[in-house]
Every structure is written in C-alpha cells, then in structure tokens.
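The numbering used here puts the first residue of the sequence shown at 145, with every later residue one more than the last.
First comes the structure, then the notes that go with it.
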Amino acid sequence: MLHIAEDCLQIIINELQYDLSSLYSCILVNRYWCRIAIPILWKNPSSLKGFSPSKLYNMIIFLLPKSSKKFLSDNIPEFSLTEISYDKPLFNYISFFTQISPDLISNISQSLVNSKGYNDEESIAEKYEKYVLEQEFYELFINNCKGLKLFYWNTPHPLFKYQGAITCFSQLCTLKINLMFLTIANLFDMTQICQNIKHLEVTKCKEDIIVGLVNFIEIQRNLQSLCIDFFHEEILDFFEFLPLSKIIMKKASTLKKFIIRPFIRLLSPEILTSLINLQHLELINNMDFNMLIEGPTMEDWDECLSITSFPNLEYLKIRDYYYLPSFIKDYMLIEKSNGNILEINILKPKVHDPIYTKKLIITISKCCPKIKRLTIINIEPENFEDLKEIFLNCTQLEMLGPLLDSKEHNGDKLLEIISDYSPETLCEYSFILIFTIEGLEKFFENWKKRKSPLILNIIKLRYNGSFTEHDKIIKKYFDEGVIKEYNYHNFRSL
C-alpha cells in the first residue's frame, strides 16, 4: 500500500470530519491511519453514532485521575467507581474534544446518582452528590482538553480556577454563557484567558453583572457575533444597561451577527446605526414597552430606523408579540439592504394592518431579488394579490410562509395564487391549515405539474383541532410523490 505523507493524509481525513461512516472506515485501515483519524472523529463526542452513552460514560469515568476517584470515594462512600468495568482506552479521547457540553457532564453525573436507586424527589444529598461529581468531571475535561473551540458555561463551578484552564480555553472562539450561574469575579477570570471570542451568546443577562459583561466584551479582539438574552423581571431600568449599549456600539464595526431578545428596548436604538457591516439581525420582543423605567421612546426607535442602513444584510428576523407601533416601519430596514437579503422572517401576531402588510410585501418585491426564504405572519386576505409582485420579482424564492393566523379566513385563494404564480424554484411551503378540503386537493393537483416535490411545514394553532380530513389529503399526496416530506409544528415554536 502506498504511504501517504502525514500532512497530506491529515488534510484528506479532515475533509471527512462530517462524514462519520468514512471516518470509521479510515480508523480500520491501519494504525497509521487510525492515529490520524481518531482525533478528528472525537472532536465532538455528541456526534458519535453507534457509541452507547454508557460506554462513553464508563470511558470518561475510567480516565478520572486517582486523586479524583479517592476524593469521590471519601465524600460519597456508596460509589464504587473501581467496580466499573472498562478496558484501558488506547487514546486519551478527552484530549481531542474541541467542545464540552454541560449536558454530557450532567448526564454522566446523573447516571451515577441514579445508580444508587433514589426513588423520591431530588434530595439535598442527591444534589450534593451530583455537584461533587460534576466538579470532578469538569476538572478532568479542563485539565485534558488542549484547545476548546466551543464551550457553554452553564454551571456554578469556578472553571477558570482549574489548573488546565489557560491551555483549555485560550483558543476558545465560540462561547455561550448563562449569567444566572456567574459572578463578576467569574467574568474577570474569564477575561484574563478568553480574548479572541468570535461568537458570544449571553443568556439571563441581568443588571447586577453588567459591569463584568461589558469588560469581557471590551477585551475581545474580533467579536463577530453577539446574542443578548435578557433576564425577565417585573420592572427594568434602561440606564442600568446603558454601558452595555455603549460597548456594543464600540464593537459594532466587526459585528456581522446581532441578536437581542426578549426586550429590545433595554438597549439604545442608536446601536442599529452603528452596525454598518451587519449580515444577520434578529430583534425579538416578548415584553411590553411599558415595563421599562425611562429610556428611549418609540419615536426614538422610529428616528434611528429611518437613518439606519445595512448594505450587507442577508438575514432579517423580527418578532413582536406586543405590537410595537415603532416596528411597523421595519420595511425601512429592507429598503436600505442593498438587495442582498436572502431570508426574511417577520412575526407580528397582534398586527392586523393590510396597509402595512402591503408596504412590506411591495418593499420585499422591489428590494430583495435574491431572497430564498420568506415568512410573514400574518397576511390579511386583502394582501393575497400583492404576493404576485414577490413571485414576479423574487425568482430565486425556495421557501414561503405567508401565514394566516385566523380560523375565520379561507386560504383557498392564497393557494391558487401560489400554485399559479410562484417561481419554479419554490419547493417548501409553511402554512396554517385554514383551507377547505377542496382547495387543498386542487392545490396539490396543480402542483403535480411541477418538477420538484413539495416540502410542507404545517403549523397548528391551539384552537384548530385535529384536522383529520386535511391530514388524510396530505398523506395521500405524500404517497403519490407530490409531497417530498411534511412536518407538524406548534405555532409557539415558530
């Protein structure tokens, strides 16, 4: 067999990192190939198939150092870790991990706790045992992983105090943090090590830790993606979060992706004007504007929207569950997107304004010639004809979701327009079942004339019932090959 240079083989096998079957085959060629393929296969243990959780857990437990096993035996005498039967691993697989899932560590710990046969609700003793187990497993991972790329901090353990923290976290580029578990001191420790984060997602963002978060964001050299998920409280103070707005504006030139939820008004609308290189924007509002003390008004948001321009924007998602009049003018963002938008997803269940919807549809048809995926919730019957403009001008459209959210509307006319005017590229359709049986059958019969079968995403409202007859029609055309696949979703999951 020809001998391939190690560098070349490394490049070849690395191209197969998402093809697990081929990677498994590479391991079986010989020891030389196995030594190169194993680190690539074990980058992400959660992607391993055919490897039972119990085997994975036993392997990890086996790799615990003697000091950890003794500590656990001393603190939880009932555990007999030495009784776990597992052959000595050929590799230190943990050293190949490029991401640590808190679920993995939690599941290992929980499996050991469950093995003791607790029957009642989680007791104090059980919580303590799980905490101690997680502590030792985190230390094992952090002391062995040589260069994590992705990490989700969802634990109160002082991870950056462990001996191997610098080696483990210094190359981190994607970080998710649940601030419910962190203190300002934790963030300070993190700041000393992680300074090259490209993708940062912060959940449960709260007032008492803003200073630490601001310092952490400021130290990042090339932050490209930022997601802020605010913690729900009864009354919020805009000025407590003002330093966060300022540091985001300072980092805005490198940001390509920005997500804020569930209360957009906690940040200054001036942020929008500074995000000049943005490609991905999500503004999610699940809370009433009146829950904020002082801060920017809806008129302030209007003004910033009117002067904001995102020439590189490719993805726009706006969710407003509280009907913000300010965000009725979101079409202004689309007007100044320079025609680069590929996907739009707008959900405003409390907005029933055909004039606004018409303006939105016309703007999309004129300004988004490259768009491939479009969801607008909800569309009024008065706007059905307006959709023709999108079909005539957006000839690359692949997915459409013009959702009606009222059972009082008959969507048969909408189905006719889609089947008669939509471009040949359209192959996926999301809808709420507000159609007659006849209208649905006619739609599928017309779709038979197209070359590509249809992917259906069927949204069920809580008051829609079971739609037994509709389900039978969908199954019939699935069996005939008109429908490639179909999936049911709950409206809340959108």
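Glycine is no exception: its CB is placed at the ideal position from the N, C-alpha and C atoms.
Practice task
Give me the Cβ distance between residue 200 and residue 277, rounded to the nearest whole Å; I'm assuming they're in contact under 8 Å.
Solution key: Not quite, the Cβ-Cβ distance comes to about 15 Å (not below 8 Å), so this is no contact.
Practice task
Classify residue 399 as helix, strand or coil using the three-state DSSP reduction.
Solution key: coil
Problem - Nearest-angstrom Cα separation, counted from residue 601 out to residue 237 - result: 40 Å
Practice task
Have a look at residue 373 and residue 348 and give me their C-alpha separation to the nearest angstrom.
Solution key: 6 Å
Exercise for the section: Keeping to the same chain, check which residues put their C-beta closer than 8 Å to that of residue 630; ignore five residues upstream and five downstream. Expected result: 599, 600, 601, 602, 618 and 622
Practice task
Evaluate the contact criterion for the region 480 to 494 versus the region 449 to 468: three or more CB pairs, one atom per stretch, below 8 Å.
Solution key: Yes: at least three Cβ pairs fall under 8 Å.
Handout entry: Local conformation of residue 164 per DSSP, three classes
Key = helix
Handout entry: With 16 other Cβ atoms within 10 Å as the buried cut-off, status of residue 334
Key = buried
Exercise for the section: Given a cut-off of 9 Å, decide if residue 566 and residue 528 are closer than it, judged by their beta-carbon atoms. Expected result: no
Exercise for the section: Check residue 581 in the structure and name its three-state DSSP category. Expected result: Three-state result, residue 581: helix.
Exercise for the section: May I ask you to verify whether the region 201 to 220 touches the region 167 to 187, counting CB pairs closer than 8 Å and requiring at least 3? Expected result: Cβ pair count under 8 Å is below three, so no.
Practice task
Assess, as a yes-or-no matter, whether the region 353 to 365 is touched by the region 320 to 340 under the definition of 3 or more beta carbon pairs within less than 8 Å.
Solution key: yes
Practice task
Would you identify the three-state DSSP class for residue 529, choosing helix, strand or coil?
Solution key: coil
Problem - As assigned by DSSP and simplified to three states, the class of residue 170 - result: helix
Handout entry: Buried or exposed by the 16-neighbour rule on C-beta atoms within 10 Å, applied to residue 470
Key = Confidence at residue 470 is low in this model, with a pLDDT of 48, below 50, so its placement is unreliable and the value that follows should be read with caution. Under this definition residue 470 is a buried residue.
Exercise for the section: Specify the secondary structure class of residue 300 as computed by DSSP and reduced to three states. Expected result: coil
Exercise for the section: For the alpha helix (DSSP H) holding residue 569, just list the boundary residues, first then last. Expected result: Where residue 569 is concerned, there is no enclosing alpha helix (DSSP H), given that its DSSP letter is neither H nor E.
Practice task
Report buried or exposed for residue 149, applying the criterion of at least 16 other Cβ atoms within 10 angstroms of its Cβ.
Solution key: exposed
Practice task
Assign residue 267 to one of two classes, buried (16 or more other C-beta atoms within 10 Å of its C-beta) or exposed (fewer than that).
Solution key: exposed
Exercise for the section: Tell me whether residue 390 sits in a helix, a strand or coil according to DSSP, three-state version. Expected result: helix
Handout entry: Residue interval of the alpha helix (DSSP H) (run including residue 318)
Key = That residue, residue 318, is in no alpha helix (DSSP H); its beta strand (DSSP E) goes 318 to 322.
Practice task
Give the single residue among 555, 381 and 397 whose Cα lies nearest to the Cα of residue 420.
Solution key: 397
Handout entry: Contact set for residue 157: own chain, Cβ-Cβ below 8 Å, skip 5 residues either direction
Key = 167, 170, 177, 180, 181 and 184
Handout entry: Where residue 339 falls: helix, strand or coil (DSSP)
Key = coil
Exercise for the section: Let me know if residue 481 comes out buried or exposed under the rule of 16 or more other beta-carbons within 10 Å of its beta-carbon. Expected result: Classification of residue 481: buried, given that the 10 Å Cβ count is 16 or more.
Practice task
Determine, using beta carbons only, whether residue 306 and residue 275 come nearer to each other than 9 Å.
Solution key: no
Practice task
Have a look at the DSSP bridge pairing and note the partners of residue 308.
Solution key: Its beta-bridge partners do not exist; DSSP assigns none.
Practice task
Note down the Cα distance separating residue 353 from residue 332, rounded to an integer number of angstroms.
Solution key: 11 Å
Problem - Beta-carbon proximity check, residue 363 vs residue 345, cutoff 9 Å - result: no
Exercise for the section: Report back the beta-carbon spacing between residue 316 and residue 290 to the nearest angstrom; my notes put them in contact at under 8 Å. Expected result: Between residue 316 and residue 290, the beta carbon gap of about 12 Å keeps them out of contact (Cβ cut-off 8 Å).
Handout entry: Local Cβ density within 10 Å of residue 338, reported as buried at 16 or more and exposed below that
Key = buried
Exercise for the section: With a threshold of 16 other CB atoms inside 10 Å of the CB of residue 423, please say whether the residue is buried or exposed. Expected result: A residue is called buried once 16 or more other Cβ atoms fall within 10 Å of its Cβ, and residue 423 is buried on that count.
Problem - Where residue 608 falls: helix, strand or coil (DSSP) - result: Any reading at residue 608 must be qualified, since the residue scores a pLDDT of 47, below 50, and its modelled position is unreliable; the value itself is stated next. Three-state result, residue 608: coil.
Handout entry: 8 Å CB neighbourhood of residue 414 in its chain, flanking five on each side removed
Key = So the qualifying residues of the chain are 389, 393 and 448.
Practice task
Would you kindly check if the distance between the Cβ of residue 246 and the Cβ of residue 202 is under 9 Å?
Solution key: no
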